[in-house]
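**Student:**
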Amino acid sequence: MDRQELERVLRETFDDAGAAGVVARQAGDMADGGQYDADFDGELTVDIVVANLQDAPADYSLAERWNWWLGALDLSHGGYTRFSVRPDVDTQS
0 MDRQELERVL
10 RETFDDAGAA
20 GVVARQAGDM
30 ADGGQYDADF
40 DGELTVDIVV
50 ANLQDAPADY
60 SLAERWNWWL
70 GALDLSHGGY
80 TRFSVRPDVD
90 TQS
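Position 23 of the sequence shown, counting from 1, maps to 22 under numbering that gives the first Met the number 0, and the rest follow consecutively.
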């Protein structure tokens, strides 16, 4: 997965420049780990990430949307909480 492309799309789609980089890094780590590929018989893509984040409640921040999706993945398959982000994450580092 192209982390830079995901970060760009997250910024545009969710208007959250601060969390976009953090979520893109976590998504990239998740893709690199291969668990998603194994669990769903396919590669994690930018489109898959964005589509699933759009399913989260509309009033959620980007970080909350990411954690919401990871919670669902963890309930259904296990092992995804390690990719969660804190909503108060330092986005300036």
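Virtual Cβ for every residue (Gly too), placed ideally from N, Cα, C. All of these numbers come straight from a predicted model, not from anything done at the bench.
Assign residue 50 to one of two classes, buried (16 or more other C-beta atoms within 10 Å of its C-beta) or exposed (fewer than that).
**Tutor:** Indexing the sequence shown from 1 puts residue 50 at position 51. The residue in question, residue 50, is exposed, as its Cβ has fewer than 16 Cβ neighbours within 10 Å.
**Student:** Let me confirm a value: residue 81 is counted as buried when at least 16 other C-beta atoms fall within 10 Å, else exposed. Which label applies?
**Tutor:** By 1-based counting over the sequence shown, the position of residue 81 is 82. So residue 81 ends up on the exposed side.
**Student:** Do you know how far the Cα of residue 43 is from the Cα of residue 72?
**Tutor:** The count along the sequence shown starts at 1 and reaches residue 72 at position 73. The count along the sequence shown starts at 1 and reaches residue 43 at position 44. C-alpha of residue 72 to C-alpha of residue 43: approximately 13 Å in a straight line.
**Student:** Taking the C-alpha atoms as reference points, what is the distance between residue 20 and residue 67?
**Tutor:** The residue labelled residue 20 in the question sits at position 21 within the sequence shown. The residue labelled residue 67 in the question sits at position 68 within the sequence shown. Between residue 20 and residue 67, the C-alpha separation is close to 17 Å.
**Student:** Pick helix, strand or coil for residue 63, following the three-state DSSP scheme.
**Tutor:** One-based indexing of the sequence shown puts residue 63 at position 64. Helix, per DSSP.
**Student:** What would DSSP say about residue 79, mapped onto helix, strand or coil?
**Tutor:** Counting from one through the sequence shown, the residue named residue 79 turns up at place 80. Three-state result, residue 79: coil.
**Student:** Residue 18 by DSSP, collapsed to three states: which one?
**Tutor:** In the sequence shown, the residue the question calls residue 18 occupies position 19. In this structure, residue 18 counts as helix in the three-state DSSP scheme.
**Student:** Could you check the C-alpha separation between residue 28 and residue 2 for me, to the nearest Å?
**Tutor:** Your numbering for residue 28 matches position 29 in the sequence shown. Your numbering for residue 2 matches position 3 in the sequence shown. When rounded, the distance between both Cα atoms is 9 Å.
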